[in-house]
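A.B. asks:
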Amino acid sequence: MDSALILLMVVVAWQVLRVRYQRARIALLGRHLGGLQLERHMETLTQGYARAIREESEARQLQVLETYAQTERAMAAQAQSLANAVQKENPQAARVSTLSFCVPYIERLLPAATRDFRELLHIHAAGLRHVVDNEDRLDAKARAYQLSAELYLLQHSCHWFCKSRAVADARLMLRHQVNHQKVLDSVSAVTRSAYLQWQGLNKH
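Residue numbers (our numbering): 52 to 255.
Next up, the structure:
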């Protein structure tokens, strides 16, 4: 058989396997998001914060930001509910690859190159609660900026789990015009430290 044809067949088989694998992961996460309004709350907040920042007067900015207090609390509670729900999933099915590209079933083939997505969701939930409760005593505008970064990072993690790190990076840039490193630099120190430790980049 012609080597080009063999290569084509391998590529097609790989693509079919990748699509099937990613669909299963989307379905897994979707089962838990389906009963929540987390995505809607996140969209409301990110749009609301952008609107507040566009206001010319500081008084008006504060007024707009204050209207989202209830949504912020609901979002933080639902992020924790998501983390708790996914915690019950099979540990192997809830692994995420450290590679930038998708390798179907890498959690079975090379588990050392994966991390626990369940643990990551708990990091996000704790980080969101930390900022919503304003434990660092930030002013309203700085708090909204930091909370936006926390939400962007959570979105990135979900895309990473469902697709790949590269796709998550691209979607972050496309949707919010910001790269992953900038978002990571903008979240709370609590989230950043736990996130880097989860990645294996921070041993302290």
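Glycine included, each C-beta is placed from N, C-alpha and C at the ideal position.
1. With contact counted as at least three CB pairs below 8 Å, one residue from each stretch, are the stretch 96 to 112 and the stretch 57 to 65 in contact?
2. Sorted by chain position, which residues of the same chain lie with C-beta nearer than 7 Å to VAL182's C-beta, five sequence neighbours on each side aside?
3. Could you check what DSSP says for ARG188 in three-state terms: helix, strand or coil?
4. Could you give the DSSP three-state label for SER132: helix, strand or coil?
5. Hey, which unbroken runs of the beta strand (DSSP E) at 3 residues or more fall wholly within the stretch 137 to 193?
6. With the cut-off set at 8 Å, would you say ILE157 and SER148 are in Cβ contact?
7. Starting from TYR246, follow the alpha helix (DSSP H) in both directions and report where the run begins and ends.
8. Determine the DSSP secondary structure at LYS233, reduced to helix, strand or coil.
9. Looking only at C-alpha atoms, which of SER215, HIS92 and ALA163 sits nearest to GLN121?
C.D. replies: Quick answer:
1. The stretch 96 to 112 vs the stretch 57 to 65: no contact.
2. Result list for VAL182: ARG194, GLN197, LEU198, GLU201 and SER239, in chain order.
3. In this structure, ARG188 counts as coil in the three-state DSSP scheme.
4. Secondary structure at SER132: helix, using DSSP grouped into helix, strand and coil.
5. For the stretch 137 to 193, the full-length beta strand (DSSP E) segments reaching 3 residues or more read 146 to 148 and 165 to 167 along the chain.
6. The Cβ-Cβ distance between ILE157 and SER148 falls below 8 Å.
7. Taken as a continuous stretch (DSSP letters only), the alpha helix (DSSP H) holding TYR246 covers 240 to 250.
8. Helix, per DSSP.
9. Nearest C-alpha to GLN121: HIS92.
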